[in-house]
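Residue numbers (this note's numbering), protein chains in the order written: chain A, 1 to 200; chain B, 1001 to 1179. Worksheet for the structure shown next.
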Amino acid sequence: MKTTLRYDQLSCHLQVEGLPDVSIGQVGEVVGIITAWTLQWSGRPALEGRKEHLLALMQVVLPYARHLISGVARPFGDDPQPVRIAPAAEGPGHRLQLRSSQPDTPPLELALDDAELSDLVRLLDQLRLDPRLQLALDLPEPQPLRPREVLQRVPRRQRLVAPVGGALVVALVAGLSWLWPTPKPLPSPPAATTPAAPAP
Amino acid sequence: MPVSSAASAPARLTRRGLERLDLLLLCVEALDLNGGEAMVWMSEQMGFTGLFPNRVELWKRRCYNPLRRTTRRGALDPAETDALIRILCALADRLYPMLRALLATAEPEEIRLQRWALFQSRLSELARERMNPRRVGVQTLLDPERGAPLRRQLVQALAFGSGTGGFERLRASLCDPAV
């Protein structure tokens, strides 16, 4: 029997249709096999796809949000992946790109603001933590970032100011010390003279 | 992807993590005039009475923030840290419509700016009252210009930390190494 899972947020709605996987003994209103899904945005075209596309969406959007909490905005989703998300080049906001597997179909781009992105993250969280979805999603657990990733949130120019400034000061002091005249050697003290013997 | 040891194990936060956790709780108080009471109520609702039997105990845990006027030395117990993060996530979930309204760009610019100005004035008032004004972090937070990205990041963290899956995300973020 087909089961439909629905999740709603203010700007988007997700509907997942599926069946229980009877081969592993699933029964009742659970989803073990996703047959179709639809993500509807208000005022934008609806997104549809197979299970792999939904998984790809989760695999890029959730780590992206995890990094944003730490203040690191970096793109997720390399070329072979069907979904890519990156900070918008033209100011605040995010660009979600969906690449079609059909040849000669240009990728669909959606511009999202922070509120729409957090709505999407909440939807995906609701889906992945829904006990009715009995499917291994293979999503990594959120982890603390590496020190190098944390450093990325500070602009490179700002990061380089202190070491470059320090190196310049050292070079300047070293240069000035070369200009400082070397002290001349002190004249040697006059030879000690023996006092003349007194006349008798 | 980031790597670390077990993410689900209770985490011992660094001083920077405690600082951020308390600032996020301060943001909740700035968004909700009754936020302090809501924190105590939520702690009771979530069954953390054993860890925080009263508001003073809850307050003492928040005083591990090094930016506080009266700060406490040492580190919080991981169970207490997790409880505070859970309370924070639950409060953020309750306040999600307000967080969303602050982050949305669909509304007229004037209304958005008014919302941010109100949030900033409440947050500054609370920060002046409780934080050490000689600390650079507090001065940045209080500065209308320089503090804007920090305030936005705090609201963004609350929005992404709300909801069913927000706890793990927020906890992992608070465990980030200090560099």
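Glycine included, every Cβ here is placed at the ideal spot set by N, Cα and C.
Less than 8 Å between the beta carbons of residue i and residue j, yes or no?
i	j	result
L137/A	M58/A	yes
A1159/B	L1170/B	no
L1095/B	V1040/B	no
S1162/B	S70/A	no
S118/A	R1100/B	yes
L62/A	V121/A	yes
D21/A	I33/A	yes
Q126/A	Y7/A	yes
C12/A	W41/A	yes
R1061/B	F1052/B	yes
P107/A	L98/A	yes
L1067/B	G1166/B	no
R95/A	E29/A	no
V72/A	L160/A	no
A111/A	G93/A	yes
S1043/B	I1087/B	yes
S1083/B	A115/A	A quick correction: the sequence has Ala, not Ser, at residue 1083/B. Not closer than 8 Å, so no.
P123/A	L14/A	Checking the displayed sequence, the identity of residue 123/A turns out to be Leu instead of Pro. Yes, Cβ-Cβ distance for L123/A and L14/A is below 8 Å.
L139/A	R128/A	yes
T1081/B	R1012/B	yes
In chain A, what lies closer than 8 Å to residue i by C-beta?
i	result
L1021/B	Those within 8 Å of L1021/B in chain A number zero; the least Cβ separation is about 12 Å.
R973/B	Absent from the structure is residue 973/B, since the part of chain B shown begins at 1001 and ends at 1179.
Q1153/B	G71
By Cβ distance, which residues of its chain are closer than 7 Å to residue i, with the 5 residues on each side in sequence left out?
i	result
A1038/B	D1032, L1091
K184/A	none
S1004/B	Its pLDDT being 42, under 50, S1004/B is placed unreliably in this model, and the coordinates cannot settle the point.
G49/A	W37
L39/A	C12, L14, A46, L47
Give every residue of the same chain whose Cβ lies closer than 8 Å to the Cβ of residue i, excluding the five residues on either side of it in the sequence, and list them in chain order.
i	result
L1126/B	L1026, E1029, A1030
S1124/B	L1141, L1142
Q1139/B	P1133
I24/A	G32
D1093/B	S1162, G1163, G1166
T3/A	E17, G18, L19, P20, E29, V30, V31, R132
T1070/B	C1063
D113/A	P92, G93, H94
Give a yes or no on whether 8 Å exceeds the smallest Cβ distance from residue i to chain D.
i	result
V16/A	Given the protein chain composition of this structure (A and B), no chain D is represented.
Closer than 9 Å by beta-carbon distance: list the chain B residues that pair up with residue i, in chain order.
i	result
Q126/A	G1163, T1164, G1165
R44/A	Under the 9 Å cutoff, chain B gives no residues; its nearest Cβ is about 12 Å from R44/A.
R157/A	Simply none; closest approach about 16 Å.
Quick check: the Cα distance between residue i and residue j, rounded to an integer number of angstroms?
i	j	result
L168/A	V154/A	21 Å
R1135/B	E1019/B	12 Å
R66/A	A171/A	42 Å
A174/A	A191/A	40 Å
W1116/B	E1129/B	20 Å
L1024/B	Q1153/B	10 Å
M1098/B	E1145/B	22 Å
I83/A	L55/A	Here residue 83/A is Val; the residue named in the question, Ile, does not match the sequence. Taking the straight line joining both Cα atoms gives about 10 Å.
D210/A	I85/A	Only positions 1 to 200 of chain A appear in this structure, which leaves residue 210/A out of reach.
P1002/B	D1176/B	Legend: pLDDT at P1002/B = 41, less than 50; position of this residue unreliable, value from coordinates given subsequently. In a straight line, the C-alpha of P1002/B is about 10 Å away from that of D1176/B.
P151/A	Q26/A	Note on residue identity: the sequence assigns Leu, not Pro, to residue 151/A. When rounded, the distance between both Cα atoms is 47 Å.
H53/A	D130/A	19 Å
P142/A	Y64/A	11 Å
V60/A	F76/A	5 Å
E149/A	L5/A	36 Å
T105/A	E1110/B	40 Å
P1108/B	L68/A	25 Å
S1076/B	D1022/B	Strictly speaking, residue 1076/B in this sequence is Leu, with Ser absent from that position. If you take the alpha carbons of L1076/B and D1022/B, they lie about 12 Å apart.
W180/A	L186/A	18 Å
Find the residues of chain B that neighbour residue i, judging by a C-beta separation of less than 8 Å, and give them in chain order.
i	result
A65/A	F1160, R1169
G77/A	Within chain B, no residue comes near G77/A; the closest Cβ sits about 13 Å away, beyond 8 Å.
For a contact meaning CB atoms closer than 9 Å, what does residue i contact in chain A?
i	result
T1081/B	The premise fails here: T1081/B is roughly 13 Å from chain A at the closest Cβ pair, so nothing lies under 9 Å.
A1157/B	L68, I69, S70, G71
Excluding five sequence neighbours on each side, which residues of the same chain lie with their C-beta closer than 6 Å to the C-beta of residue i?
i	result
L1102/B	R1115, V1155
G1035/B	V1028, E1029
A1178/B	T1014, R1016
R1055/B	V1040
S188/A	none
Q81/A	A56
Who are the neighbours of residue i on chain B, taking C-beta pairs under 7 Å?
i	result
L129/A	T1164, G1165
Which residues in chain A sit within 7 Å of residue i, going by Cβ to Cβ distance?
i	result
L1025/B	Result: empty, since nearest Cβ-Cβ is about 15 Å, beyond 7 Å.
A1104/B	D113, A115
*asked:* As an exercise, report each continuous alpha helix (DSSP H) stretch of at least 4 residues that is fully enclosed by the stretch 1053-1078 of chain B, in chain order.
replied: Positions of the alpha helix (DSSP H) runs, each at least 4 residues long and wholly inside the stretch 1053-1078 of chain B, are given as 1055-1062 in order along the chain.
_Minimum length 4: unbroken alpha helix (DSSP H) runs contained in the stretch 113-189 of chain A_ = Runs of the alpha helix (DSSP H) inside the stretch 113-189 of chain A: 114-128, 147-151, 156-179.
*alpha helix (DSSP H) segments (min. 4 residues) lying fully within the stretch 1070-1119 of chain B*: Entirely contained in the stretch 1070-1119 of chain B, the alpha helix (DSSP H) runs reaching 4 residues are, in chain order, 1078-1094, 1096-1103.
*Which runs of the beta strand (DSSP E) spanning at least 3 residues fall entirely within the stretch 57-119 of chain A, listed in chain order?*
Listed in chain order, they are 83-87, 94-98, 108-112.
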